[in-house]
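First residue of the sequence shown? That's -14 in the numbering used here, and the numbers climb one at a time after it.
Read through the structure below, which is laid out as structure tokens, and then see the notes.
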Amino acid sequence: MMDEFINIAELSELRESKGSVRKFEDEEIALVKLNGSVLAFINVCPHQHTPLVDKYGGQIAGENLTCPMHGWTFQLKSGKCINGSGKLRMLDVKIESGQ
-14 MMDEFINIAE LSELRESKGS VRKFEDEEIA LVKLNGSVLA FINVCPHQHT PLVDKYGGQI
46 AGENLTCPMH GWTFQLKSGK CINGSGKLRM LDVKIESGQ
């Protein structure tokens, strides 16, 4: 992916503790608004390489996201897996002018 920021979403489109997916080039980027901050990661579970947000309904509880396929749970702020190995591929986020 690029080293620069891209405009991928309006802040007003994102809902607290709900995941949203945007496409950029060949990647699906998951966005999660959590406690007013926005977190972004590549929308792929490192375990079985399935989407985490939207398509299969990964569950967000507090600051964690659980993969709907095999139950691996990730800390949304760090991307670390709580009950398995691997890590989400986290992306930097910059909010500017409501985008």
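Backbone N, C-alpha and C define an ideal beta-carbon position, used for all residues, glycine too.
As the structure is a prediction and not an experimental result, all values here were calculated from the model.
Checklist entry - Grouping DSSP H, G and I as helix and E and B as strand, with all else coil, what is Leu(-1)? => result coil
Next on the checklist: Comparing C-alpha positions only, which one of Met75, Lys79 and Trp57 sits nearest to Gly69?
Outcome noted: Trp57
Next on the checklist: My output table needs one value for Ala15: the three-state DSSP class, helix, strand or coil.
Outcome noted: strand
Item to check | Straight-line Cα distance separating Ile45 from Lys3 | outcome: 7 Å
Checklist entry - In three-state terms, what does DSSP make of Ile(-7)? => result coil
Item to check | With 16 other Cβ atoms within 10 Å as the buried cut-off, status of Phe26 | outcome: buried
Item to check | Entirely enclosed beta strand (DSSP E) segments - the region 3 to 77, minimum 3 residues | outcome: 4 to 9, 12 to 19, 22 to 27, 44 to 46, 49 to 51 and 58 to 60
Item to check | Cβ-Cβ distance between Lys72 and Lys65 below 7 Å | outcome: yes
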